[in-house]
Each structure stands twice: as structure tokens, then as C-alpha cells.
Amino acid sequence: MSLAYKSDKEIIEAIANYIKQRRLAKNITQQQLADDAGLNRWTISQAENGEALNTRSLIQILRALDALSLLNQFEWKEEISPLEYAKLKKQERQRARPEKGNEGKEDLGW
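Following our numbering, the numbering of the sequence shown begins with 7 at its first residue and continues without gaps.
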């Protein structure tokens with residue numbers, strides 16, 4: 007089921023379960039993960055039990071689990087609409103032209 011249809015509690019449980027299953031798949035203890043993440047074991051235990059976890063700790067845990075790629079969805083990429091792209095493309099210079107100005111005109115000496 008999509009996360010959009012889950013409650014906040016269910017989403018937190020899914021994150022906690024992911025952290026625990028990823029740690030077990032890598033065959034490391036909570037203490038090893040804590041050391042790799044620069045956290046204490048209690049924080050890892052809290053994370054795996056779905057308890058309060060700050061964003062910085064979550065990032066440190068995901069980094070230690072080689073799972074930071076999960077956060078790629080949060081990277082903002084500027085998108086240009088097809089109409090804006092067409093306007094920009096139309097404005098691109100097609101050929102070089104000399105600048106318009108006083109070229110070839112004599113100074114009238116005023």
C-alpha cells in the first residue's frame with residue numbers, strides 16, 4: 007500500500023522497520039551502527055522502535071547504512087515548462103552581428 011494512505015504512526019513504523027532490516031541485512035549490531043553513525047546505541051534502539059528521532063540522527067543512520075540515496079527525492083530540480091523552453095530556444099543567438107552604434111560615423115565635433 008502507498009504511504010499516502012498510511013497514518014503517521016504506520017509511516018514511522020515503516021521507517022523504523024527499514025532501519026532495523028537494513029542493519030540486519032548488513033549483519034551489524036546496534037552498537038556497530040551507532041559507532042559508524044557517531045551516535046549512541048540508545049538512539050539506534052529508539053529509531054528501530056519507532057520512537058522520536060531527529061532529522062540529523064536519521065541522516066547519520068542512513069549514511070552509516072549506505073542508504074542516503076533514499077533521500078534523493080528531496081533534491082529540488084528546477085523544471086522548465088515546454089513553452090518556456092521554446093521561448094529560451096527562440097532567443098538563442100543564431101549568428102554574430104556587429105554591435106549597432108557609432109561605427110563608421112564621423113564625430114561631428116559638437
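Just so it is clear, CB atoms sit at the ideal spot from N, CA and C, and this is done for glycine as well. Remember, it's a predicted structure, so these values are computed and weren't measured experimentally.
| task | To the nearest angstrom, report how far apart SER13 and GLU19 are at their CA atoms. | result | Numbered from its first residue, the sequence shown carries residue 13 at position 7. Numbered from its first residue, the sequence shown carries residue 19 at position 13. Answer to the nearest angstrom: the Cα atoms are 10 Å apart.
| task | Label ALA40 either buried or exposed according to how many other C-beta atoms from any shown protein chain fall within 10 Å of its C-beta, with 16 as the threshold for buried. | result | Locating residue 40 in the sequence shown gives position 34, where the first residue counts as 1. Burial call: buried.
| query | Roughly how far, in whole angstroms, is the beta-carbon of ALA22 from the beta-carbon of ASN55, given that I think they are within contact range, below 8 Å? | reply | Position 16 of the sequence shown holds residue 22. Position 49 of the sequence shown holds residue 55. At roughly 6 Å, the Cβ-Cβ gap stays under 8 Å, so ALA22 and ASN55 are in contact.
| said: Assuming ILE50 is part of the alpha helix (DSSP H), what are its boundary residues? | reply: Residue numbering aside, residue 50 sits at position 44 when the sequence shown is read from its first letter. Segment 47-54, the alpha helix (DSSP H) holding ILE50.
| request: Would you please state the rounded distance, in angstroms, between the beta carbons of ALA43 and ILE67? I believe it to be under 8 Å. | output: For this step, residue 43 is matched to residue 37 along the sequence shown. For this step, residue 67 is matched to residue 61 along the sequence shown. That belief holds up - the Cβ atoms of ALA43 and ILE67 are roughly 5 Å apart, short of 8 Å.
| When DSSP labels each residue in this structure, what does ALA73 get in the three-state scheme? | Counting from one through the sequence shown, the residue named residue 73 turns up at place 67. Three-state result, ALA73: coil.
| query | Among SER8, ALA70, GLU81, which one has its Cα closest to the Cα of THR35? | reply | Taking the first residue of the sequence shown as 1, we reach residue 35 at position 29. Comparing Cα positions, the closest option is ALA70.
| said: Could you tell me the alpha carbon to alpha carbon distance between PRO88 and ARG28, rounded to whole angstroms? | reply: Residue 88 sits at position 82 when you count from the first residue of the sequence shown. Residue 28 sits at position 22 when you count from the first residue of the sequence shown. C-alpha of PRO88 to C-alpha of ARG28: approximately 41 Å in a straight line.
| request: Would you identify the three-state DSSP class for ASN60, choosing helix, strand or coil? | output: Within the sequence shown, residue 60 is the residue found at index 54, counting from 1. Correct three-state label for ASN60: coil.
| query | Is the Cβ-Cβ distance between LEU76 and SER63 less than 8 Å? | reply | Counted from its first residue, the sequence shown places residue 76 at position 70. Counted from its first residue, the sequence shown places residue 63 at position 57. Not closer than 8 Å, so no.
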